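First the structure, in the form of structure tokens, and then the observations on it.
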Amino acid sequence: MTQFASPFLLYLGVIVGAVGVALALPRRGLSPQAIGALVAGAGLGLGLLALGLKAGEHGPGVYFYLFTFIGLGAALRMISHPRPVYAALYFILTILSSAGLYLLLAAEFMAFALIIIYAGAILITYLFVIMLATQAPTAEEIDVLSEYDRYSREPILSTIAGFALLATLTSMLVGGLEKPLHRAGPDERVASVVLTRKVEPILTERYGLPPEARVVSVEGSSATVVFPQGWGGSEKIQLFRALDPGESMPFELPEEAAPENIEQIGLTLVGGHPLGLEVAGVILLMAMLGAIVLARKQIQEEEGRKMAAARGGLTREGAP
Amino acid sequence: MDAIATILPTFLAAEPAGAHAPGAQVGSGPPWAILIPLLPLLASALCGVCAMLRVKSKAPAFIVVAMLGASFLATAAVWLQGGGPGPMAGASVAHGWDWIQFAWGDGPGQALIANFSLYLDSLTLLWMLFVTGLATLIALYASEYMSHDVGQGYNRFFAYFALFVFAMSCLVMGDNLLMLFLGWEGVGLCSYLLIGYFYKKPSAVAAAKKAFIVNRIGDLGLVLGVFTTFVTFGTIEYAPLFEMVGAGVDGSGHALHGSWQATWIPIFFMIGAFGKSAQLPLYVWLPDAMEGPTPVSALIHAATMVTAGVYLIARMYPIFLLDDAHTALTIVAWTGALTALLAATIGMAQFDIKRIMAYSTVSQLGYMFAGLGVLTTTGAAFHVFTHAFFKATLFLCCGAVMHGFAGQLDLRKLSGVAFMKGWGVVGVAMLVGCLNLAGFPFTAGYFSKDMILAETFVTPGSVIGGASMVGWILLLTAGLTAYYTFRVFFRVFVGPQMYEPGEEHGHAPHRHDHGPGHPPGHGEHDLADARDQAQKDEPGGAHPHGHDFHPHAPGLAINAVLAILAVASVLAALTYFIHKPDHGWVGAMVHHSTAHFGGLDAHHGDEAAHASHGSFLGLDPHKAMYYVSAVIGMVGIFVAWLLHYRGRTGAAVAPADRLLGALGPIPRWAQQKWFVDELYDFVIVKPLWALSNVFHVIDKLIVDGLVNLAGLTPRGLGAGLRPSQNGLLHSYAAGMAGGIVFILLVVWAVS
Amino acid sequence: MTEKLAILHPEIALFITTCVVMIVGLSRSVGARRASAWITAAGTLTALGLALRSPEGFGLLPGMLAYAKAMIAGVGFLLLLVMAGAVDRGYEARLLRGETFDPIRATRGEFYAFFLFSLMGVMLCAGADDLIWLFLALELVSLPTYIMVAISSSRLRAQEAAVKYFFLGAMGAATFLYGFALLYGAAGTTSLSGIATTFAASGIGPLAYAGLILSILGVCFKIAAVPMHFYTADVYEGAATPVSAYLAFAPKTAGFLALMLIVSTVGWHDGGLPEPVRVTLWVIAALTMTVGNVLATLQTSVKRILAYSSVAHSGYMLVGLIAGPGDGGVFQNGLAAILFYLLCYGVMNVGAFAALTCIERGQNPDDPNDLETLDDLKGLCATRPLVGWAMVLSVLSLLGMPVLLGFFAKLLLFSSGIAAGEIVLVVVLGLNSAIAAFYYLRIISSAMFETPDARRDGGRLTPMRGRVLACVVSGAAVLVLPLLFGPLQRASSRAVSTGQSAAIGERPGGTQAASPEAGR
Amino acid sequence: MDLATLAQGGLLHQATLTHYLFVSAAMFAIGMIGFLTRRNLIIMFLCTELMFQAAGLAFIAFGRHHLNFSGDVFVIFVLTIAAAEAALALALVVYLFRRKETLDASEWAELRG
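Below, the structure written as structure tokens:
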């Protein structure tokens, strides 16, 4: 653990953070939320300092710190804000800064997917429901805050539990990285598929690979090319004539051949987890059905009442 | 079908039993033999389905009859395939599926193997032939007999009935002692359920409870026997077991002769057999078991289940012979003889004909045990075989009478039944049964009883202590048997025609054996009228028959079954003349099984040697017994004729009654079953009760306190934990979070 | 892809049935809507047939498919018998009478669809070879059950149960998801066998342990093990009894399959599990048994007793998980013991819960009360012998009475625990079995020996035959299945036999290193 | 440096990874604290979403460290499940709100013991 963090600072940061969060949660009586937020921020700073000091040149850039502070700060505000709508909006902020962190981690696709799906779709649903399920403001009280939203329940105990979890978890996480992790490396299959498709046009352009030829695999800096049977060539393609079908040909791989993020994800997703996709589809279907079953009540009940009332009325009127 | 085709190999795959290869001389039998037990099980399940669907027809009876018939045919097929109609050569094991296989080491005796496999030899087949055959016939009989219960308990009855046959075939056919035990408990359970079949009647429930408790004592013996066998031999499978017993060594190769196991294993098994086969002192449950429906009495409590004890001893005979002093066998012989005598004397004084038959069963079982004790497994098995037929006949006749006369079983209230319209078949069948039971010359019962009687005098007293004394007791009993048998016959079936309906006539809630409603067609008696009459009826008071009651003559199914059984009882005698050197067909079957004994068998080898081993008043016992027992039987019948037929004018009045005064209180004591129940009450129940009162105080003070403490600890802990379940979502979440932290901390601390 | 489809035939059958049921359930005709239960039954049985023919799968326990899926479909069918009509009782009648349309109750087709979805999820757990798959399967198990609880009854307490179940379940899901993230981080792959290979090759670090422990704890929610057990009693009590029966089997089975797969990645090498994992499971097992049993002793509601006993049974089964496959012998194979126990528990549990649903009382025939408290059970054997005895048999079997099914199941757990050297834990198991007698015997004595309270409504037999059938079939199975002990035990130990070679055989130098020593 | 590494813009050092993991763990802890302290059902569920997000961040960081995309793919599925769960949870909340006119989780505490 000492390799990547100074334990003292880290635990101090956790404790300070815990105090800050405990203070930041709304309570009856004195509730110094702003001070709490500052203290919690200091705790986070200490924690990051504990890591950053040991990281030296490997430390993350300034954007990491920016997104972290915004993200965790928004998360803290989310759990302490008495108004559900604001809480949800702060959660969106957390999501946005998470997306920023994703970007720093070179996961562009996931960053944008996160924003579109989470911030754009799921959270908006939340907002709808919050608005639907909150008491409508009355004339006297325009600004109704429910009792249960205004105050936290057992803030201190909960904070202790949460930060104890954080402390143990962090110890294990940081300690777990002490020994170099087994680095799994890219999925060879995926890289190969991407490259064969990318290398083909490059070869065609540079070496005049005929369109009939197919690159079947790329390894390091050599590609295996397969020619169709009975293929005769012109002068320009002389280079390949010497090669027998299935033979490898060394070539210089240009940088733009590198697979793009979205290609990699797509291939990993479809190539590696096709059944996961199916199951996810089933789950979504089930969720849709479930949401319908649970939420369809009100409208139809009213119609049912109307229908019943209408039927009753009709019979009453129709009866002599 | 595909699914079934897949299930079968998945679950029933008859993989070679890895841990144990059956002994070389025990081949593998036909795998379809497994159908013999499984068909009744299937029938039972189907009856359960019928019960579910509330079937209100006789469908369950037909299912059971069909399945049991198929089971009988399968038994016969196994027999014929194995060399029938004679005995099978040697034994074979039909492997059903691996059942229990525990191994805690590789050495011998470190594995408990009990497969669901069948041990097929001629002893097994002998038993199974009459078990399945009689069960089929009796199920057919019951289909009519129980018809008043259609739509109520009918489904249940046949489900239990078929389940009984399954359990019985497990008992008889299992190739290991665990399967025997399974069957043993299974038949006990079915017997319990069927005795208590009329569970709304307190006496039936009490009888079921009595049977249950008394049988548990016997079962304790059996469990000890199985356990000791396993500890001694390291196996409970017959094939390797008999191999070792044959060599006279235990599981680790030490010689067994003279060891404590050689004495005690037989004694344990013997106790088990006494419980199941109603021998002294554990016989008390059997007469009470007559509370069950009569077909049950016929099948379970006369023909099959109660002979399980005989089977157990016969099956384990090699182990019984290991003991050079023959302790267990001597006890068996004496217990058998005394049981036979005691039960016969009680039977003489009873008035309930079904109870008489029950005591007679106990008495005849005593004969069988005496036979086993004096080293004639053949005689015992032969008597089991003949007894199964004629006793089933007798019970079913009693059942027919009971069915027809609204539960009337008192022999003082019935007379001349055989000559009433529609009762001819019953009368003839009854006569055949009585002649057999009385040992009338050339009946099956005569031959089988003779064989046992003769052997008592053949077997030297040096081998089985007091064997000839046993013989004399049994001879006396034979006379008594003939007397009480024909006492029933002369009083109930012949003589002036007279009857008085039983208490079921109108007593709807108090059904004895026989449900409240009579079958449709007998709706002529008005229920209210009948109840009125029943109120006037004093129990025991002699009333002329009259009112609206008409006896209800047996129908086709009952008559057919009685006819078949009567014929079979007669024909059973013929088996004595097949395979004559082996003392008949049954003897041949027994001799080709493990019940055939090697060491002491020399004197059974040739007829010439017999005379030198024992004699009956200087004569060859075998020859002498033909005459002696015939004479004794005739005398018994004659006495019965004298006392119960000659000059009898009514049902209740017989010359015997005049004689009773001369005998003083003895007949009354006999009628009170020699006060054995009271004796048990006094010797066992009362002291136990007193003791239990003493213990109760101790119990209250100390044990209860301890138990309460033991019970309080979890309750206290629970009360401590209960606040955690306060119903609040947040508390639960906090508990979960705290738990996660706790476990992470524990692990962090450990690693 | 196609080779993976081959192992998914039962799931595909279930999914097709689901689609059909969803469509049929929308039909205008009452008769067609009524058919949905039959269609569901047919689909479940088809899945059972297909499951028995499952080929070997992939991943760590590839031999498990046939046994596990057949068990799931089989017990699922029994549960379906109990559940059929649980939701839509009386609704159709009321609709026909022209009373208010109550959409929350008009859920015939949907209810069966949720059941099938959930069952599908349990089956998918058995074939999981990847963390993603496992995650999706576990979610597919639970999400429908949340709705099933909510719609199982129109009473408020069903909704309360749904809230607790859903929200705590989401927290549990988040926990194991985080655990999965750390596992992925430690191994660099989501494939379970890949993780096992990595662990075997380069050891297991604290990161991996954190991941394992969080995953195990998260999945503990599904099996209702301490510390994730809090919801159990409330949810089982609040949900309609048939749904409680389902909750006691399906998520538990899914959870144990998942746990077996997760724990297989570290494997049971020479000295058993790696110490941190062993300690985790040990603590959880001991606490689970004890907490479940002691809380059950205080209850008066049979449903709560069964709920806490369900907690305790999870604790028993964890002993098998700690023991692991041993050296492959049937006597020592803890994983086989778990698979066998799950089957037995499924059957006994259906018997006990179904008996509660067989008798109805209360004024409202549309939404009657099931048997609930111990007092309700009084004299059940006398008044309703069939139901009563089936219940008594099931409960005796749950108690582990010799010669009944539960005895054999527990015997295997005991023996595997002893073989693995977990003597203390086995003693705890024994003590807990004794404590369990306290409350099980209370149920039995209520049903058998006490006389029914004359003032109480005696109740009437449910018009739904399926429940009685399920009850009686389970009661009979408890008696008859011991006869098939050998084949079932062999099937269960075959189911995990190949997994053992995969988990242990891939250990570098494992067997090779041992052989020269053996030679010397 | 091979192409796949290039595609992700260089190696992610363990020291950097610890930072991301710390943030993810903190997010998880805050989510849990929120779940424990808030009584509004909707916010409670938002907190579980936050915990899911924490896992997502860990997945992405690990994926970057290992230079493969299984982590990213896992996050796609996490998003899917989160959406499905949210749909169900919100439907349930609406349903419950209709029955009791409150979103207070402590109101649902009839079953206990």
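These protein sequences, in sequence, are chains F, C, Z and A. Throughout, my numbering is defined as the position within the first sequence, counted from one, plus 3. Throughout, my numbering is defined as the position within the second sequence, counted from one, plus 32. Quick note: the third sequence, position 70, residue 68 per my numbering, numbers continuous. Throughout, my numbering is defined as the position within the fourth sequence, counted from one, plus 11. Ideal placement from N, C-alpha and C gives every residue a C-beta, glycine not left out. This structure is a prediction, so every number in the text was calculated from the model and none was measured.
C-beta contact flag for residue i and residue j at 8 Å
i: Met113 of chain F; j: Val86 of chain A; result: yes
i: Arg523 of chain C; j: Leu443 of chain C; result: yes
i: Phe7 of chain F; j: Leu180 of chain F; result: yes
i: Val84 of chain A; j: Gly275 of chain F; result: yes
i: Ile496 of chain C; j: Thr362 of chain C; result: yes
i: Val802 of chain C; j: Ser89 of chain C; result: An answer regarding residue 802 of chain C cannot be provided, because it is not within the stretch 33 to 783 covered by chain C.
i: Ala375 of chain C; j: Tyr315 of chain C; result: yes
i: Glu323 of chain C; j: Ala424 of chain C; result: no
i: Met178 of chain A; j: Phe46 of chain A; result: Past the boundaries of the shown model lies residue 178 of chain A; chain A is included only from 12 to 124, so the question cannot be answered.
i: Ile2 of chain F; j: Leu138 of chain Z; result: The shown model of chain F, from 4 to 323, leaves out residue 2 of chain F, and the question about it has no answer.
i: Thr71 of chain F; j: Val34 of chain A; result: yes
Simplified DSSP state of residue i, which is helix, strand or coil
i: Ile433 of chain Z; result: helix
i: Ser149 of chain C; result: strand
i: Asp709 of chain C; result: helix
i: Arg458 of chain Z; result: strand
i: Gln237 of chain Z; result: Reading off the sequence shown, one finds Ala at residue 237 of chain Z, where the question assumed Gln. Ala237 of chain Z falls in the coil class under three-state DSSP.
i: Pro548 of chain C; result: Summary for Pro548 of chain C: the model assigns pLDDT 38, below 50, so the residue's position carries little reliability, and this model does not support an answer.
i: Ser34 of chain F; result: coil
i: Ile332 of chain C; result: helix
i: Gln133 of chain C; result: strand
i: Val18 of chain Z; result: helix
i: Pro576 of chain C; result: Unreliable placement is indicated for Pro576 of chain C, whose pLDDT of 44 sits below 50; no coordinate value is reported for it.
i: Ile345 of chain C; result: helix
i: Phe437 of chain C; result: coil
i: Val87 of chain C; result: coil
i: Glu358 of chain Z; result: strand
Chain-order list of residues whose beta-carbon lies under 7 Å from that of residue i (same chain, five-residue window excluded)
i: Thr137 of chain F; result: Pro87
i: Ile249 of chain C; result: Gly307 and Leu314
Neighbourhood of residue i by C-beta distance below 6 Å, restricted to the same chain and skipping five residues each side
i: Ala174 of chain C; result: Pro327
i: Asn468 of chain C; result: Phe422, Thr475, Ala476, Gly477 and Ser601
i: Tyr106 of chain A; result: none
Item to complete: Return the residues of the segment 754 to 770 of chain C that lie within a Cβ-Cβ distance of less than 8 Å from chain F, sorted by chain order.
Response: His762, Ala766, Ala769 and Gly770
Worksheet item: Going along the segment 92 to 112 of chain F in order, which residues come within less than 7 Å of chain Z, judged by CB to CB distance?
Response: none
Discussion item. Taking contact to mean 3 or more Cβ pairs, one atom from each stretch, closer than 8 Å, check whether the segment 202 to 219 of chain F and the segment 229 to 247 of chain Z are in contact.
Written reply: no
Fill in: At least 3 beta-carbon pairs within less than 8 Å: the segment 375 to 388 of chain Z vs the segment 434 to 454 of chain Z
yes
Worksheet item: For the segment 462 to 481 of chain Z, which residues have a beta carbon sitting closer than 9 Å to at least one beta carbon of chain C?
Response: Arg463, Val466, Leu467, Val470, Val471, Ala474, Val478, Pro480 and Leu481
Discussion item. Would you call the segment 252 to 261 of chain Z in contact with the segment 208 to 220 of chain Z, where contact means no fewer than 3 C-beta pairs closer than 8 Å?
Written reply: yes
Item to complete: Assess, as a yes-or-no matter, whether the segment 117 to 133 of chain C is touched by the segment 217 to 231 of chain C under the definition of 3 or more beta carbon pairs within less than 8 Å.
Response: no
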